[in-house]
Amino acid sequence: MIVNECYRLYFIIRVMFNYGLIEYIPTDKLILPLRIWCKLLFLISNKRKRLLFGERLRLALQELGPVWIKFGQMLSTRRDIFPSLIADQLAILQDQVKPCNGILMRTYIEQIMGQPLEIWFDDFQEQPLASASISQVHSAKLKKNGEEVIIKIIRPDILPIIKADIRLMYRLAKLIPKFFLHGNKLRSVEVVVEYEKIIYNELNLLREMSNTIQFRRNFKNSSILYIPKVYPDYCNKNMMVMERINGVSVNNLVSLQRQGTDMKLLAERGLQIFFIQIFRDSFFHGDMHPGNIFVNCENPSNPKYISIDFGIVGSLSKEDKYYLAANFIAFLNRDYRKVAELHVSSGWTPPSTDIGDFEGAIRTVFEPLFERTLENISFSNVLLNLFSTARHFNMEVQPQLVLLQKSLLYVEGMVRQLYPKLDLWKTVKPFLEKWLKEQTSISFFLRTLKTKAPYWIEKIPEIPGLIYDILSNYRILHQTIDHLTVELNIHRVKQRKVWFLLGIGFFLIFIGVFLLVQNMKMLNFCFILIGLISWIFGWKKII
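Encoded structure:
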């Protein structure tokens, strides 16, 4: 383990030198001689000096392998930490992973199933259909009915690599604040913790299976989106079996256009599907890059999407949905005060936020955007600018909104590629206005009542007991308050007596000292004695 970790560390440092990333470490203290010594040790000369830092970082992560590619993809969503020039480069990271040997994967599947592969499947193809960072996909047919399926398997060699690389990530994360100026602002350890959680979730294919079943249920009989069927009897933590789909990749524009696909309708439906996931279902695909989206072109004038790979999903609360929709509408109406008020009332920014100052900051950022036509204003950029502005007013990072922004970035890029002239805001605004109106409609109230009624009816028999408990607790609370009130009044009376005795004592001692000065020794002695007695009684009551 230690040898493997040392080798990985050597490899990481070598790649960092090769792409000139070490040059961005400040040269103060002992860093410069250390850098020179390491450069001689690794015998590397930087050949990519002309590239920007974001490009160097992307290429370096691709060379480091699948774990780091996935890490870079996650970092691209943290635009609250990284500038756009870096985040945009990381967002285009693609899995370019050499597949595992097909014979090895066959053996691994048999090990997982506990029986020869031929018992369960026919026509298993050892050549994979696709190979990603942590899994790869093979085609086959079910033995029992001959249905074509795909088998998704976690790469058998990936877990030790992930564990070793995550350990190194933690060590490097702890060093960043020491070597980089303002390194604490990067919250490097927090980022690694977030990544560790994401990648271990993706290693469990049972989670992806349940997400896929949920999406299929949400879009059952939909005319615009198809979710492949899953076969739970064949699924476990390391393997998932699902229906094989036939479609054209959404980024294969040449093929889509050759088949006469209605590109405008396809782009509009892409937006529609995403906003349905958010506002109707509160359950959205968190990894909607083109590799996971296909198009069924059997009827080109009525195209239908096919979506796969639900390892990463997001959800929004009712409050998040309302404030998100209301923010978009307020932005379109240039009602910046409403945007500021929504952020405070939603709890995204502290209640102490100065609404006037916040409104002014938002206006400063967004007014220049309206110099362009709406069709050229990006959804994701609006959210990014809004969150960046709110961060100066102590807005806490909302993880669910960061994932939403990443997905919106993918969707927006996809629909603009399909139909560049599409006005995103014109397409979505009616949907948002209709949804907001429905939230306060009588029909929505009745639907909510219908949904909640069985739960309330179930609780009706418990109501008398709950009322009795409330009244009993109220009586006990009232008695406790009365008792405390009496105690407090007694304490106040005692306090008055104490301060009276201390005051009298102080006055008498003062008179005694005055008489002492006037050589009236007998009276002096009496006044001081009485004063001391008053003080003693006063302090006794305090104690």
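With numbering that gives the first Met the number 0, you'll find the sequence shown wraps up at 542, consecutive numbering, no jumps. Backbone N, C-alpha and C define an ideal beta-carbon position, used for all residues, glycine too.
- In the three-state reduction of the DSSP assignment, residue 200 falls in the helix class, which pools H, G and I.
- Per DSSP, the continuous beta strand (DSSP E) segment holding residue 138 begins and ends at 134-141.
- Restricting attention to 164, 376, 460, 472, the CA atom closest to the CA of residue 425 is found in 376.
- Under DSSP, residue 14 shares a beta bridge with no residue.
- Boundaries of the alpha helix (DSSP H) harbouring residue 387: 378-390, taken from the DSSP string.
- Each residue's CA atom was taken as its position, placing residue 58 and residue 151 some 27 Å apart.
- DSSP places residue 254 inside the alpha helix (DSSP H), whose first and last residues are 252-257.
- The beta-carbon separation of residue 270 and residue 381, rounded to 14 Å, does not stay under the 8 Å limit for a contact.
- 290 is the residue among 435, 378, 335, 290 whose C-alpha sits nearest the C-alpha of residue 130.
- DSSP lists no beta-bridge partner residue for residue 369.
- Residue pairing from DSSP places residue 303 in a beta bridge opposite 295.
- Where residue 436 is concerned, the enclosing alpha helix (DSSP H) starts and stops at 423-437.
- Here residue 358 really is in contact with residue 336; their C-beta atoms are around 5 Å apart, less than 8 Å.
- Residue burial annotation: residue 317 is exposed, with fewer than 16 other C-beta atoms found within 10 angstroms of its C-beta.
- In the structure shown, residue 131 falls within a coil segment according to DSSP collapsed to helix, strand and coil.
- Setting aside the 5 residues that flank it on each side, residue 378 is surrounded in the same chain by 407, 411, 423, each with a C-beta closer than 7 Å to its C-beta; the list follows chain order.
- Sequence-distant Cβ neighbours of residue 322 in its own chain, meaning closer than 6 Å and more than five residues away, are 341, 345.
- The continuous stretches of beta strand (DSSP E) do not include residue 226, and DSSP gives it neither H nor E.
- The region 118-126 and the region 138-154 touch, with three or more beta-carbon pairs separated by less than 8 Å.
- 272 is the residue among 211, 272, 262, 187 whose C-alpha sits nearest the C-alpha of residue 221.
- If you draw a straight line from the Cα of residue 280 to the Cα of residue 217, it comes to about 7 Å.
- For residue 284, DSSP records a beta bridge to 312.
- Residue environment: residue 485 is assigned as exposed (fewer than 16 neighbouring CB atoms within 10 Å of its CB, all protein chains considered).
- When 189, 460, 105 are compared, the shortest CA-CA separation from residue 175 is found for 189.
- Under DSSP, residue 235 takes part in a beta bridge, and its partners are 238.
- Within its own chain, the residues whose Cβ lies closer than 6 Å to the Cβ of residue 265, once the five positions on either side in sequence are excluded, are 302, 417, listed in chain order.
- Contact annotation: residue 251 and residue 295 have beta-carbon atoms that are not nearer than 9 Å.
- About 18 Å separates the Cβ atoms of residue 275 and residue 293, ruling out a contact at the 8 Å cut-off.
- Assignment of residue 70 by DSSP, reduced to helix, strand and coil, places it in the helix class.
- For residue 101 against residue 117, the beta-carbon gap comes to about 15 Å, at or over 8 Å, which does not count as contact.
- With distances taken between CA atoms, residue 261 lies nearest to 298 out of 298, 415, 231.
- Looking at 415, 155, 234, 194, the one whose alpha-carbon comes closest to that of residue 207 is 234.
- Taken atom to atom, the span from the alpha-carbon of residue 7 to that of residue 356 is near 50 Å.
- A distance below 6 Å between beta-carbons, with the five flanking residues on each side excluded, links residue 307 to the following residues of its chain, in chain order: 291.
- In this structure residue 99 is not in contact with residue 65, their Cβ atoms being roughly 11 Å apart against a cut-off of 8 Å.
- Per DSSP, the continuous beta strand (DSSP E) segment holding residue 148 begins and ends at 147-153.
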